[in-house]
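To convert, count from 1 in the sequence shown and add 430; that's this note's numbering.
A short worksheet on the structure shown next.
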Amino acid sequence: MALVTSVEVSFETFQTLVIDQSHKQLVILDISADWCGPCKILEPILNSVAAEYNEYEFALTKLEAEDENMKIAGQFSVRGFPTVIAFINGEEVDRFHSAKTHD
């Protein structure tokens with residue numbers, strides 16, 4: 431069984447925990463906001479999917495869209511919350527926004 435890590439990231443730790451780590455494994459970045467209803471719906475779904483696919487090694491990271499962290503949201507042209515971005519080898523490889531069902 432592989433390890434799925436889940437960690438909070440910030441503007442200060444983004445390079446290390448997302449970009450650098452994506453050279454070692456898939457990194458999923460969940461950009462969300464405390465006040466966002468769809469974000470609250472999506473979070474347990476992402477955790478459930480991570481548990482379901484625990485045979486794969488990847489990092490599930492979360493960036494709270496506030497204060498200095500908004501610079502990262504701007505850098506990746508985030509237009510709404512939640513936005514989930516997949517990174518491999520330091521590059522964005524896929525994304526979706528808004529809450530999705532588990533199906």
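Cβ atoms here follow ideal geometry from the backbone N, Cα and C, with glycine treated the same way.
This one's a predicted model, so the numbers in the text were calculated from it and none came from an experiment.
Of all the options the options, which has the alpha carbon lying nearest to the alpha carbon of residue i?
{"i": "residue 442", "options": "484, 522, 501, 515", "result": "501"}
{"i": "residue 439", "options": "526, 466, 468, 503", "result": "503"}
{"i": "residue 444", "options": "490, 486, 527", "result": "490"}
Are the C-beta atoms of residue i and some chain D residue less than 9 Å apart?
{"i": "residue 523", "result": "Looking at the structure shown, chain D is missing, and only one protein chain is on hand."}
Our contact map puts residue i next to residue j with C-beta atoms below 8 Å; I'd like the distance itself, whole angstroms only.
{"i": "residue 488", "j": "residue 457", "result": "7 Å"}
{"i": "residue 461", "j": "residue 495", "result": "6 Å"}
Do you know offhand how far residue i's Cα is from residue j's?
{"i": "residue 432", "j": "residue 478", "result": "Bear in mind that a pLDDT of 48 at residue 432, under 50, signals an unreliable position, so the number given afterwards is only what the model happens to contain. Cα to Cα, residue 432 sits roughly 15 Å from residue 478."}
{"i": "residue 510", "j": "residue 453", "result": "27 Å"}
{"i": "residue 492", "j": "residue 506", "result": "15 Å"}
{"i": "residue 447", "j": "residue 518", "result": "12 Å"}
Mark residue i as exposed unless 16 or more other C-beta atoms lie within 10 angstroms of its C-beta, in which case mark it buried.
{"i": "residue 450", "result": "exposed"}
{"i": "residue 475", "result": "exposed"}
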